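There are 2 protein chains.
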Amino acid sequence: MAPLAKGPIYFGPFLVTSQVFYLTPLSFALVNLKPIIPGHVLVSPRRCVPRVSDLTPDETTDLFLTVRKVGRIIERVYGATSLNIAIQDGVDAGQSVPHVHTHIIPRKKADLDHKGGTDAIYEMLDGEEGDIWKIQKEFKQLQESLALGTTGEKKRRTNFPAVDNESRTPRTAEDMEQEAVMLAAEMEMERDD
Amino acid sequence: MAPLAKGPIYFGPFLVTSQVFYLTPLSFALVNLKPIIPGHVLVSPRRCVPRVSDLTPDETTDLFLTVRKVGRIIERVYGATSLNIAIQDGVDAGQSVPHVHTHIIPRKKADLDHKGGTDAIYEMLDGEEGDIWKIQKEFKQLQESLALGTTGEKKRRTNFPAVDNESRTPRTAEDMEQEAVMLAAEMEMERDD
Chain A
1 MAPLAKGPIY FGPFLVTSQV FYLTPLSFAL VNLKPIIPGH VLVSPRRCVP RVSDLTPDET
61 TDLFLTVRKV GRIIERVYGA TSLNIAIQDG VDAGQSVPHV HTHIIPRKKA DLDHKGGTDA
121 IYEMLDGEEG DIWKIQKEFK QLQESLALGT TGEKKRRTNF PAVDNESRTP RTAEDMEQEA
181 VMLAAEMEME RDD
Chain B
1 MAPLAKGPIY FGPFLVTSQV FYLTPLSFAL VNLKPIIPGH VLVSPRRCVP RVSDLTPDET
61 TDLFLTVRKV GRIIERVYGA TSLNIAIQDG VDAGQSVPHV HTHIIPRKKA DLDHKGGTDA
121 IYEMLDGEEG DIWKIQKEFK QLQESLALGT TGEKKRRTNF PAVDNESRTP RTAEDMEQEA
181 VMLAAEMEME RDD
């Protein structure tokens with residue numbers, strides 16, 4: 001059950017309705033299938049365009065007011081003290097899904113010291129573990145094969161994004177929806193200023 | 001001679017009037033003392049606040065409409081095909097100067113292959129060469145010692161940010177102003193839509 005069932009929401013070619021936790025007339029925010037840090041979320045315009053330059057002034061305004069609002073919530077809910085806010089605006093800047101998306105990543109002091117320091121976040125963002133296209137595609141294939149009843153437990157495991165050697169676990173649709181519902185409730189309580 | 005002489009502009013504690021190439025009532029854009037890639041510029045709110053969350057809705061809107069406009073110009077002028085747009089929002093996300101600033105970095109295909117690939121930009125941004133606080137501070141000290149007439153050529157070299165082993169050269173105030181004047185002219189020609 002989607003937390004904000006207001007018709008299907010697409011992120012690039014991917015149906016992400018159940019990942020969405022905040023909607024405005026022009027923007028939406030979604031939880032990630034595999035957040036590179038817990039609380040790593042995305043904010044996108046409703047209209048699927050690849051570049052920031054393609055946005056209208058109204059879309060630009062709405063998108064970044066949404067980023068500010070979502071950032072406040074994410075920082076509080078995940079007990080963070082800072083945020084990385086990043087847009088890979090175009091394929092040569094590392095963009096994988098051709099639909100404008102702003103990464104919001106909650107940060108704490110020394111949270112990535114075991115990975116090499118503060119800036120390790122970007123290697124994670126641009127590397128295999130941040131490849132949203134690949135992750136969403138694998139999830140879509142899994143959902144399709146489950147719907148068709150062609151996937152046994154073994155096949156399912158193979159299709160699912162591999163867990164790396166850190167403590168990250170692949171998420172089920174239910175996990176994501178649970179997080180989305182929780183964040184949707186937090187967003188509703190947030191002041192608009 | 002500043003390209004946009006409308007009173008002093010401060011970026012954190014630093015006087016950056018001669019680096020500014022675009023001004024709105026609520027935002028300004030400045031060239032970098034040591035861009036990590038040519039065309040790497042910053043966009044900040046006029047009011048000095050550390051966090052995106054501290055911005056008013058009007059400041060947020062103005063800032064990101066400015067980011068969009070400046071991004072278009074930077075991409076065209078520097079012959080790029082993509083942009084990295086990034087905010088280190090808080091000290092635990094790598095922020096060095098406690099004044100909101102959006103990095104805009106023009107990117108081209110395979111431009112950082114010699115540095116390790118697309119994502120190398122972030123290591124550069126968060127490492128020594130992207131430490132804007134340190135770079136601006138060294139520049140300020142140099143300007144002050146020059147004004148006091150206490151700096152010989154040898155001292156000057158010591159004070160100036162060290163050139164790393166790449167092809168980057170430290171910039172003079174004149175270099176920066178020249179770039180700022182050029183970009184200011186380009187900004188004036190840009191449509192507002």
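Protein chains in written order, with full-length UniProt numbering: chain A, 1 to 193; chain B, 1 to 193.
Where a beta carbon is used, it is the ideal one built from N, C-alpha and C, also for glycine.
Predicted model only: the values in this text are computed from it and were never measured.
At least one CB atom of chain A sits nearer than 7 Å to the CB of residue 123/B. By the beta-carbon neighbour count (other beta carbons within 10 angstroms, threshold 16), residue 61/B is buried. Residue 108/B is a Cβ neighbour of residue 81/B, given a cutoff of 7 Å.
Boundaries of the beta strand (DSSP E) harbouring residue 31/B: 27–31, taken from the DSSP string.
Note on residue 19/A: 16 or more other CB atoms within 10 angstroms of its CB, so buried under the neighbour-count rule.
Bridge partners of residue 14/A according to DSSP: 11/A.
In the three-state reduction of the DSSP assignment, residue 113/A falls in the helix class. Here residue 190/B is near residue 73/B, since their CB atoms are less than 7 Å apart. At a cut-off of 7 Å between C-beta atoms, residue 90/A counts as an interface residue with respect to chain B. In this structure residue 148/B is exposed. Its beta-carbon is surrounded by fewer than 16 other beta-carbon atoms within 10 angstroms. Closer than 7 Å to the CB of residue 96/A there is not a single CB belonging to chain B. Taking C-beta atoms under 8 Å as the contact rule, residue 94/A and residue 119/B qualify, at a distance of about 6 Å. Distance from the CA atom of residue 34/B to the CA atom of residue 136/A, rounded to whole angstroms, is 38 Å. Using beta-carbon distances, residue 53/A counts as an interface residue toward chain B, with a partner under 7 Å. In the DSSP assignment, residue 86/A is bridged to 103/A, 86/B.
Within the segment 58–88 of chain A, 60, 61, 64, 65, 68, 71, 72, 81, 82, 83, 84, 85, 86, 87, 88 place their CB atoms closer than 7 Å to a CB of chain B, listed in sequence order.
In this structure residue 26/A does not touch residue 68/B by the C-beta definition: roughly 14 Å separates them, more than the 8 Å allowed. Listed along the chain, the chain B residues whose CB falls inside 7 Å of the CB of residue 185/A amount to none; the nearest CB is some 20 Å away. Taking C-alpha positions only, residue 134/A is separated from residue 97/A by approximately 9 Å.
Annotated three-state conformation of residue 43/B is strand, per DSSP.
In this structure residue 186/B is not in contact with residue 16/B, their Cβ atoms being roughly 19 Å apart against a cut-off of 8 Å. Taking 7 Å as the CB threshold, residue 34/A stays off the interface with chain B.
Using a Cβ-Cβ cut-off of 9 Å, residue 131/A is close to nothing in chain B; its nearest Cβ partner there is about 11 Å away.
For residue 22/A, the beta-bridge partners assigned by DSSP are 29/A. If you check each beta-carbon in the segment 15–41 of chain A against every beta-carbon of chain B, none falls closer than 9 Å. In this structure residue 50/B is not in contact with residue 101/B, their Cβ atoms being roughly 10 Å apart against a cut-off of 8 Å. The beta carbon of residue 47/A is closer than 7 Å to those of 59 in its chain, skipping five residues each way along the sequence. Cα atoms of residue 178/B and residue 31/B: separation of roughly 10 Å, rounded to the nearest angstrom. Under the DSSP assignment, residue 122/A falls in the alpha helix (DSSP H) whose first and last residues are 120–126. Taking a beta-carbon distance threshold of 7 Å, residue 191/B does not count as an interface residue toward chain A.
Put simply, the backbone Cα of residue 52/A is about 23 Å away from that of residue 39/A. Neighbourhood of residue 119/B in chain A, by CB distance below 8 Å: 94, 122, 123, 125, 126, 127, in chain order. A buried status is given to residue 130/B, since no fewer than 16 other beta-carbon atoms sit within 10 Å of its beta-carbon. Close to residue 108/B, with beta-carbon spacing below 9 Å, are these residues of chain A in chain order: 92. Apart from the 5 residues on each side of it in sequence, residue 36/A sits with its Cβ closer than 8 Å to the Cβ of 105, 121, 124, 125, 129, 130 in its chain, given in chain order.
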